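If you count the sequence shown from 1, position 100 lands on 132 in my numbering, and the numbers rise without skipping.
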Amino acid sequence: QFSTEKKNKTDFALWKFSPKDSDTKRQMEWDSPWGKGFPGWHIECSAMSKKFLGDTFDIHCGGIDHVPIHHTNEIAQSEACNGKPFVHYWLHGAFLEEESGKMSKSKGEFLRVKTLVDKGYSPLDYRYLCLGTHYRKRLLFSWEILEQAKTAMARLKQNVQQIRDEAKKNFDARDASMPEGEREKFLEAVNDDLNMPQALAVLWGVVRNDKLSSIEKMNLVNDFNRVLGLDLDKDIEAGNTNVPAEIMELVEKRIAAKKAKDFKKADSLRDELKSLGWEVLDKKDGVEVKEIGK
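Printed below as a string of structure tokens:
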């Protein structure tokens with residue numbers, strides 16, 4: 033419905049007035065030269081960014097649903113106030129959706145990371161899932177897809193651990209050799225509007241590249257991990273890299289339980305692993321998984 037107080041349908045309020053009814057009082061309202069009221073939805077963002085980031089800043093993130101109204105209005109009021117460009121780069125993320133549609137806080141239809149942890153998934157499994165889709169494309173969530181991400185993440189960690197163990201045996205840890213060609217491929221993907229699916233593909237290419245030495249692979253993986261944040265610089269199973277996938281799944285569930293401070297569940301998983309013939313030792317840089325008696 034078009035407001036009669038607007039001169040143009042695209043007009044929006046910088047300041048809203050409190051109800052005149054004396055029996056109705058807002059929790060947050062202030063006196064102003066225009067009367068008692070409160071800031072409009074858009075102006076608070078411009079005010080905070082001006083105070084903490086300045087008249088112009090580089091990167092502004094947000095959901096694609098903010099493009100037609102909120103971010104457009106931020107630009108209008110900030111540039112009118114400052115006489116300068118507001119933002120250099122806008123990164124608008126598409127929605128995380130279930131088959132039933134968009135996850136929404138307002139409708140209570142969204143999952144928490146704790147829910148994933150309670151079901152035996154690590155937050156890093158979810159991160160891997162997100163990295164597999166460009167942020168401008170909608171990401172469809174299902175437990176089946178998350179399970180696939182978990183399997184891929186476990187396989188990646190195992191491969192990286194094997195590379196690390198070989199590098200420790202055969203090379204000087206101070207060797208910082210790193211093929212620039214592979215690093216350039218990774219940076220090219222990241223610089224291409226944060227093309228993280230391609231960055232992951234470059235990472236897997238390095239892990240599987242038989243022409244690279246283990247120390248070259250390890251240095252590249254550590255460098256890439258600074259961007260990906262997948263904890264690939266931490267040991268998973270220093271004692272034995274030939275751990276069956278089903279055992280590693282239990283190990284990952286235990287790691288997730290400990291991060292969630294569910295120590296009862298972590299102890300239960302440790303006992304289950306022990307009954308299957310595997311011992312888990314917590315260490316400073318990760319965990320060591322060893323077959324009992326070997």
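Where a beta carbon is used, it is the ideal one built from N, C-alpha and C, also for glycine.
These numbers were taken from a predicted model, which means no experiment stands behind them.
Alpha-carbon spacing of V253 relative to L148, whole angstroms:
Residue 253 sits at position 221 when you count from the first residue of the sequence shown. Residue 148 sits at position 116 when you count from the first residue of the sequence shown. If I take the Cα positions, the gap works out to 26 Å.
Going by the DSSP bridge assignment, what does P71 pair with across the sheet?
Taking the sequence shown and counting its residues from 1, the one referred to as residue 71 is at position 39. W47.
Three-state secondary structure (DSSP) of K116:
As a first step, residue 116 is located in the sequence shown; it is residue number 84 there, counting from the start. K116 falls in the coil class under three-state DSSP.
Give the straight-line distance between the Cα atoms of S306 and L313, rounded to the nearest whole angstrom.
The residue labelled residue 306 in the question sits at position 274 within the sequence shown. The residue labelled residue 313 in the question sits at position 281 within the sequence shown. The question names Ser, but residue 306 is Lys in the sequence shown. Rounded to whole angstroms, K306 to L313 spans 11 Å at the Cα level.
Skipping 5 residues on each side, what residues in its chain have a beta carbon closer than 8 Å to that of A79?
The sequence position of residue 79 within the sequence shown is 47, counting from 1. Result list for A79: P71, in chain order.
Cβ distance (whole Å) where A289 is taken to contact K146 below 8 Å
The residue you call residue 289 lines up with position 257 of the sequence shown. The residue you call residue 146 lines up with position 114 of the sequence shown. A Cβ-Cβ distance of about 11 Å is found for the pair A289 and K146, leaving them out of contact under the 8 Å criterion.
For H166, I'd like the list of residues in its chain whose CB is within less than 8 Å of its CB, leaving aside the five on either flank, ordered along the chain.
Along the sequence shown, read from residue 1 onward, the residue named residue 166 stands at position 134. Closer than 8 Å at the Cβ level, and outside the excluded window around H166, lie D225, L226, N227, M228 and P229.
Among residues of its own chain, excluding the 5 on either side of G271, which ones have a beta-carbon nearer than 7 Å to its beta-carbon?
By 1-based counting over the sequence shown, the position of residue 271 is 239. With a pLDDT of 46 at G271, under the threshold of 50, the predicted position of this residue should be treated as unreliable, and no value is reported.
Can you tell me whether N40 is helix, strand or coil according to DSSP?
Within the sequence shown, the letter at position 8 stands for residue 40. The three-state secondary structure of N40, taken from DSSP, is coil.
With a threshold of 7 Å (Cβ to nearest heavy atom), would V253 be considered close to the ligand HEM?
Among the components modelled here there is no ligand, and therefore nothing to report on the ligand HEM.
Can you list, in chain order, the residues of its chain whose CB lies under 6 Å from that of E198, leaving out five sequence neighbours each side?
Along the sequence shown, read from residue 1 onward, the residue named residue 198 stands at position 166. Cβ neighbours of E198 beyond the five flanking positions: S246.
Pick from K169, V222, D63 and Q109 that is closest to D97, judged by C-alpha positions
To locate residue 97, count along the sequence shown from 1; it is residue 65. Closest option to D97, judged by alpha-carbon separation, among K169, V222, D63 and Q109: K169.
Go to E320, then tell me how far its alpha helix (DSSP H) extends in each direction, as first and last residue.
On the sequence shown, position 288 is the one that residue 320 refers to. Membership of E320 in any alpha helix (DSSP H) is not indicated; the residue belongs instead to the beta strand (DSSP E) covering G318 to E323.
From V234 to M60, what distance separates their C-alpha atoms?
Here residue 234 refers to the residue found at position 202 when the sequence shown is read from its first residue. Here residue 60 refers to the residue found at position 28 when the sequence shown is read from its first residue. The alpha-carbon atoms of V234 and M60 are separated by roughly 51 Å.
Looking at the strands, I want to know which residues DSSP matches up with C93.
Taking the sequence shown and counting its residues from 1, the one referred to as residue 93 is at position 61. In DSSP, C93 forms a bridge with L123.
Does the segment 83–97 come close enough to the segment 106–116 to have 3 or more Cβ pairs within less than 8 Å?
Cβ pair count under 8 Å is three or more, so yes.
Taking 8 Å as the threshold (C-beta atoms), are E131 and S354 in contact?
This structure gives no information on residue 354, because the portion of the chain shown stretches from 33 to 326.
When P100, E220 and F118 are compared against I91, the one with the closest alpha-carbon:
If you number the sequence shown from 1, residue 91 lands on position 59. Selection P100, E220 and F118 evaluated against I91 yields F118 as nearest (Cα-Cα).
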